[in-house]
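Okay, so here's the structure we're looking at.
2 protein chains.
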Amino acid sequence: MEYIKGGVCAPKGFVAGGVNCGIRGKEKRDLALIVSRSMASAAGVYTQNLVKGAPITVTQKHIEDGYARAIIANSGNANTCNPNGISIAEGMCELVETFTGIKQNDIIVASTGVIGQELNLEPIAYGMPSLMTSLGSHSDWAAEAIMTTDTAKKELAAKFMIGGRPARIGAIAKGSGMICPNMATMLVFITTDAKITPAMLQKALSEVVKDTFNMISVDRDTSTNDMCVVLANGLAETEDIHEVGPLFEDFKAALADICTQLAKSIAKDGEGATKLLECRVTGGKTDADARKIAKSVICSNLLKCAMFGADANWGRVLCAIGYAGAETDVKKIAVTFKSSAGEIKVCENGGAVDFSEEAAKKVLSEDEIVIDVALGDGDDAATAYGCDLSYDYVKINGDYRS
Amino acid sequence: MEYIKGGVCAPKGFVAGGVNCGIRGKEKRDLALIVSRSMASAAGVYTQNLVKGAPITVTQKHIEDGYARAIIANSGNANTCNPNGISIAEGMCELVETFTGIKQNDIIVASTGVIGQELNLEPIAYGMPSLMTSLGSHSDWAAEAIMTTDTAKKELAAKFMIGGRPARIGAIAKGSGMICPNMATMLVFITTDAKITPAMLQKALSEVVKDTFNMISVDRDTSTNDMCVVLANGLAETEDIHEVGPLFEDFKAALADICTQLAKSIAKDGEGATKLLECRVTGGKTDADARKIAKSVICSNLLKCAMFGADANWGRVLCAIGYAGAETDVKKIAVTFKSSAGEIKVCENGGAVDFSEEAAKKVLSEDEIVIDVALGDGDDAATAYGCDLSYDYVKINGDYRS
Chain A
185 MEYIKGGVCA PKGFVAGGVN CGIRGKEKRD LALIVSRSMA SAAGVYTQNL VKGAPITVTQ
245 KHIEDGYARA IIANSGNANT CNPNGISIAE GMCELVETFT GIKQNDIIVA STGVIGQELN
305 LEPIAYGMPS LMTSLGSHSD WAAEAIMTTD TAKKELAAKF MIGGRPARIG AIAKGSGMIC
365 PNMATMLVFI TTDAKITPAM LQKALSEVVK DTFNMISVDR DTSTNDMCVV LANGLAETED
425 IHEVGPLFED FKAALADICT QLAKSIAKDG EGATKLLECR VTGGKTDADA RKIAKSVICS
485 NLLKCAMFGA DANWGRVLCA IGYAGAETDV KKIAVTFKSS AGEIKVCENG GAVDFSEEAA
545 KKVLSEDEIV IDVALGDGDD AATAYGCDLS YDYVKINGDY RS
Chain B
185 MEYIKGGVCA PKGFVAGGVN CGIRGKEKRD LALIVSRSMA SAAGVYTQNL VKGAPITVTQ
245 KHIEDGYARA IIANSGNANT CNPNGISIAE GMCELVETFT GIKQNDIIVA STGVIGQELN
305 LEPIAYGMPS LMTSLGSHSD WAAEAIMTTD TAKKELAAKF MIGGRPARIG AIAKGSGMIC
365 PNMATMLVFI TTDAKITPAM LQKALSEVVK DTFNMISVDR DTSTNDMCVV LANGLAETED
425 IHEVGPLFED FKAALADICT QLAKSIAKDG EGATKLLECR VTGGKTDADA RKIAKSVICS
485 NLLKCAMFGA DANWGRVLCA IGYAGAETDV KKIAVTFKSS AGEIKVCENG GAVDFSEEAA
545 KKVLSEDEIV IDVALGDGDD AATAYGCDLS YDYVKINGDY RS
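Line by line, the protein sequences give chains A and B.
The first sequence begins at 185 in the numbering used here and counts up by one.
The second sequence begins at 185 in the numbering used here and counts up by one.
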């Protein structure tokens, strides 16, 4: 697999654009559009929060038949907990139909921002002409338009082989706060020119999401609007993927790589974060135990603060393992902190080992930290991604709406 | 019930003391002792964390027979995840036996502080003579000696009636961070001169803890050393409580009141907290649903930050309800913020209602905020207690050990 430029426009037949239409101030891009030249297989995973954004409901309906051609998304307003949310989300799709001719039912719609404030269609209608003009190889404009508290644009593309023939996959994502996805994350839009049936695309996505977006947490707050969708338009000259086998595995490996990179970039850009945390658990009794433990460690506010302060307070790792709700023998646990500055074992057999605090501080002062947890209970492993908890998380969220 | 002075020494026949012995610097009291003049019924609830402090194991063994006479506790070191933790905890009890004659097996032991650093017996042995000298009506010294990052002493006592005759109950507690008790909280020591059998005392405690300490959270981090114990020495001239009935209810009501006050004071003194949050859920389909929802709201980092900023961001309340794992119809939810400055409804039927942001800011600027959630699904109710998330939480926990 070779990383290339172009984001969601890297695969053949996709164009994208993004403009400011006035939902979120007068300058920041807040409206994005991605369009495929031809009909594409579509698959999605969505938040499991009982409170669901209206765009989730509309998108689920629109891709029920397995196909879609376009994605419209806005930031600045989540269109959630509004009595007229569904008709607004449908209205956004109607506007796209009016301007592109793509049937409303083949359009995916997404919104992100404040919950519970009415989303007005007017600025979106007003912005449509310039949004159409912006369409082209402008994945970066679309990526910008879906950002909220994100500080970094999340965009990625790669060329990979399916049965020896080249295909391309691209993606944009947003997500910084209210991140603890359950089935999907924030907004992730993935495009590919691979030929794959809707059923196989959904299978690949569901399997990959389990190990990537579902394993990240910024603040344990599962959002109401999480959505991850893939459009596969089949314009690459690859064989059709309609069953499990080597071709499917080629595609799934590429999708997994892209999703892992995006999941890590979302965790690293967590609100106020200064560090990416990666908890690698090995030796779990079951897959579920390993996952619970990795997630529990990554979610501990106390550990997140310790990582912010580069403090090797491994007792907080043990504590989070202990309340994870997993089965494990705490007397066998070993913990090692790792970074590009080296590695240092801080706990063995569930108890202290001598280590140099100075050396630990050096390891933990890097901006990507691995917390390696060896359970010694079995053969299952899991990795979760998170970030530290800093003053800026509090600052950003103390008055988000103003 | 009438609140009185004296803390754990208010009930007849209890003395307490506290000194500095050098575990935690050279000035702050760090060693506490509570002694009953006669044998007392004893009951306890403990953390459900798989990683358990050695003192928990020793205390459980010592009160297995239902009786105890003394409590020794230190702050500055949790005596947890240490290979020799059990023998150190037993050693603390032996020291108390040597100095008081109370049998080691009738002594409760507790430790709080850093996890995974060896606890040395020497300073405790060295401090025993002055600890004995400090014994008297010095509940406040004992309360001070168990504080870690607490900023306020937690001490309470009351006189109440059992079958028309007076008895007394007193308590001290500590807890500020790593607070999300499961079966108990941090350290809570309760004394009473009521006459009650060990079995009835345990029943009253277990029932009360469910609605009080188990309903608070500072940071969702369930500690390894949570412990709540009661000693009832029967020196009041009240009838013996040996079965469920009016006498038991009299006692349980007093215990519930004391535990509610302490639970709220622990939440209010959460690390870095500027506000006490109380989420009152009514109209739950089941008791478990109401509890899950109240706890989920109180635990949301995003909502905690909004409360810190006095921002009426009710969408975060809905979001936390939605991922609570409870059954509820989100279309029926109403949310009202209340404080001594008034109340303001912000959500009805799961959607926005018009409200004055200015008035909401006024309500949320007080230091005790009630988040009233009316579900409209049934008749079950629950209340959870928590606190806001501030810069100081990050500061306190960025470098706790140094």
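A virtual CB, placed ideally from N, CA and C, is assigned to each residue, including glycine.
Pair within 9 Å by beta-carbon distance, residue i and residue j
i	j	result
A/A327	A/T376	no
B/M312	B/V280	yes
B/E594	B/T567	Past the edges of chain B, shown from 185 to 586, lies residue 594 of chain B, and the structure says nothing about it.
B/A388	B/H426	no
A/N233	A/S449	no
A/R352	A/I188	yes
B/E542	B/A525	no
A/K587	A/V481	As displayed, chain A neither begins before 185 nor continues past 586, which places residue 587 of chain A out of reach and without an answer.
B/K545	B/A494	yes
A/G456	A/Y569	no
A/F344	A/A357	no
B/I517	B/V547	no
A/G361	A/I580	yes
B/A227	B/L385	yes
B/I292	B/A262	no
B/G285	A/F492	no
A/F397	A/A447	yes
B/G300	A/L502	yes
A/R221	A/N417	yes
A/D403	A/G454	yes
According to DSSP, residues forming a beta bridge with residue i
i	result
B/M345	B/P350
A/S524	Answer is none; A/S524 lacks a bridge partner.
B/A227	B/V414
A/E186	A/K343
A/A355	A/L340, A/I374
B/C463	B/I555, B/A568
B/R296	Note on identity: in this sequence residue 296 of chain B is Thr, with Arg being the wrong assignment. DSSP output for B/T296 lists B/S259 as bridge partner(s).
B/I291	B/A254
Selection from the options that minimises the alpha carbon distance to residue i
i	options	result
A/I400	A/N263, A/A565, A/K515, A/C571	A/C571
A/E423	A/A447, A/L303, A/G347	A/G347
B/L573	B/K436, B/D583, B/C483	B/C483
A/A587	A/G354, A/L460, A/D324	Because chain A is modelled from 185 through 586, residue 587 of chain A falls outside the range shown and cannot be assessed.
B/D249	B/F198, B/T333, B/S225, B/T231	B/S225
A/T282	A/K488, A/I308, A/A438	A/I308
B/T458	B/Y575, B/K436, B/S314	B/Y575
B/K529	B/A496, B/A504, B/E274, B/G582	B/A496
B/V242	B/G506, B/C277, B/I218	B/C277
A/K394	A/G418, A/L439, A/Y310	A/L439
B/A437	B/A504, B/A342, B/V519	B/A342
A/E302	B/G560, B/V537, B/E552	B/V537
A/N304	A/T333, A/A273, A/M316	A/A273
B/G562	B/L340, B/D473, B/F539, B/K210	B/D473
A/K488	A/A504, A/T231, A/R475	A/A504
B/K337	B/R404, B/K452, B/S314	B/K452
A/L371	A/R404, A/D334, A/I477, A/D403	A/D334
A/K476	A/D564, A/C205, A/K287	A/D564
A/I218	A/Y230, A/G202, A/V229, A/G206	A/G202
B/S314	B/G206, B/K479, B/V428, B/E527	B/G206
The ligand HEM heavy atom lying under 8 Å from the CB of residue i
i	result
B/V547	Within the structure as shown, the ligand HEM is missing, as the structure has no ligands at all.
Check whether the region 219-237 of chain A touches the region 287-296 of chain A, counting contact only when three or more Cβ pairs, one atom from each stretch, lie closer than 8 Å.
-> yes
Inter-stretch contact at 8 Å, needing at least 3 Cβ pairs: the region 254-268 of chain A / the region 207-217 of chain A = yes
At a cut of 8 Å, does the region 394-414 of chain B reach the region 429-446 of chain B through at least three beta carbon pairs?
-> yes
Specify whether the region 188-197 of chain B and the region 316-327 of chain B touch according to this definition: at least 3 beta carbon pairs, one from each stretch, less than 8 Å apart.
-> yes
Can you find at least 3 beta carbon pairs, one from the region 262-279 of chain A and one from the region 527-541 of chain B, that sit closer than 8 Å?
-> yes
Could you say if the region 497-516 of chain B and the region 466-481 of chain B meet the contact criterion of at least three C-beta pairs nearer than 8 Å?
-> yes
Which parts of the region 476-521 of chain B are runs of the alpha helix (DSSP H), unbroken and 4 residues or longer, counting only runs that do not cross its ends?
-> 485-492, 499-506
Going along the chain, which unbroken runs of the alpha helix (DSSP H) with 4 or more residues stay wholly within the region 532-586 of chain B?
-> 541-548, 575-582
Uninterrupted beta strand (DSSP E) stretches inside the region 233-284 of chain A (no shorter than 3 residues) = 251-261
Every unbroken beta strand (DSSP E) within the region 381-441 of chain B, with a cutoff of 3 residues, ordered by chain | 411-416
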